[in-house]
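full-length UniProt numbering puts the first residue of the sequence shown at 1, with every later residue one more than the last.
Backbone N, C-alpha and C fix where the C-beta goes; we use that ideal spot for every residue, glycine too.
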Amino acid sequence: MNNNHQSHNVKDSVHSIAYAIEQHLKSHTGPFVIAIDGGSGAGKSVVASEVANLLGATVIQCDDFFNIKISDEDWDTFSVENKCRLCIDFERIRNEALLPLLTGKQAVYLPYYYLSMTESSSKKVVKEPSQIIILDGIYSSHWLNDLVDLKVLVNVPSEIRYKRHNLREGTDDIDWHLRWDPVEDYYFSVLRPLNTFDLVVVNE
Numbered sequence: 001m002n003n004n005h006q007s008h009n010v011k012d013s014v015h016s017i018a019y020a021i022e023q024h025l026k027s028h029t030g031p032f033v034i035a036i037d038g039g040s041g042a043g044k045s046v047v048a049s050e051v052a053n054l055l056g057a058t059v060i061q062c063d064d065f066f067n068i069k070i071s072d073e074d075w076d077t078f079s080v081e082n083k084c085r086l087c088i089d090f091e092r093i094r095n096e097a098l099l100p101l102l103t104g105k106q107a108v109y110l111p112y113y114y115l116s117m118t119e120s121s122s123k124k125v126v127k128e129p130s131q132i133i134i135l136d137g138i139y140s141s142h143w144l145n146d147l148v149d150l151k152v153l154v155n156v157p158s159e160i161r162y163k164r165h166n167l168r169e170g171t172d173d174i175d176w177h178l179r180w181d182p183v184e185d186y187y188f189s190v191l192r193p194l195n196t197f198d199l200v201v202v203n204e
């Protein structure tokens, strides 16, 4: 992997990612898929949105595919690897979002928080095909590896990420941290360590 460390702000990170995409597109045919990965609170969505605005990309929010079928009580019986593998329904992302977009079709799907309700067209997410498709979400570099052309890590110190996460949720979110921090640590130390990414940027 050609692993690069870039500057410590959103603007520079966005331009580093955009530059990497543009370089790859010179020799790439068909839609180009980039995974923007990173721990909770890293600022992945901000970076993904800015890159999309700059390049006209389509963004898939992986959190829309959270596995609603598993309760908090059940999660707490799982191993860290099973939590990591199952928390996002990557088969739904593959079949309902990525594969349609890769064949030039619209992707239409319900975010997880509407799946238990009566389906309504007003609740469905519609994504248009694009030359560049961005996967915005932790674990996206690993479980969809066969469809991803560029794997990017937004690497932020854990103490900064925790503060951002808690501010976003409006709470210290202690139960969430107890359940999911070890999973994220496992993912980035065992399954996807820093040197397995094509590009590393920092968003402090």
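Just to confirm before moving on: does the CB-CB distance between residue i and residue j stay below 7 angstroms?
i      : j      : result
GLY56  : ARG161 : no
ASN67  : ASP89  : yes
ILE134 : VAL59  : yes
PHE197 : LEU147 : no
TYR187 : CYS62  : no
PHE32  : ILE93  : no
ASP175 : ASN166 : no
LYS44  : ASP149 : no
ASN54  : ALA97  : Looking at the sequence shown, residue 54 is not Asn but Leu. It is not a contact, given that the beta carbons lie outside the stated cut-off.
What number of angstroms, rounded off, separates the C-alpha of residue i from the C-alpha of residue j?
i      : j      : result
LEU194 : ASP185 : 12 angstroms
ASP72  : LEU25  : 42 angstroms
GLU81  : GLU91  : 17 angstroms
ARG179 : GLU169 : 15 angstroms
SER7   : ASN203 : Caution is warranted here: a pLDDT of 47 is assigned to SER7, below 50, making its placement in the model unreliable, and no coordinate value can be reported.
SER158 : VAL10  : 17 angstroms
ARG192 : ARG164 : 22 angstroms
THR29  : ASP76  : 43 angstroms
ILE34  : GLU50  : 14 angstroms
GLN23  : VAL190 : 29 angstroms
Using CA coordinates, which residue listed in the options is at the minimum distance from residue i?
i      : options                  : result
ALA107 : GLU159, SER13 and GLU128 : GLU128
LEU110 : ASN95, GLY104 and LEU102 : ASN95
In the DSSP assignment, the alpha helix (DSSP H) including residue i goes from what residue to what residue?
i      : result
VAL183 : 174 to 186
LYS163 : 158 to 169
Could you pull the start and end residues of the beta strand (DSSP E) that residue i belongs to?
i      : result
LEU194 : Note, LEU194: premise wrong, no beta strand (DSSP E); not H, not E.
Let me know the alpha helix (DSSP H) ranges lying completely inside the stretch 2 to 90, each 4 residues or longer, listed in chain order. List check, alpha helix (DSSP H) in window: 10 to 25, 44 to 55, 72 to 75 and 80 to 86.
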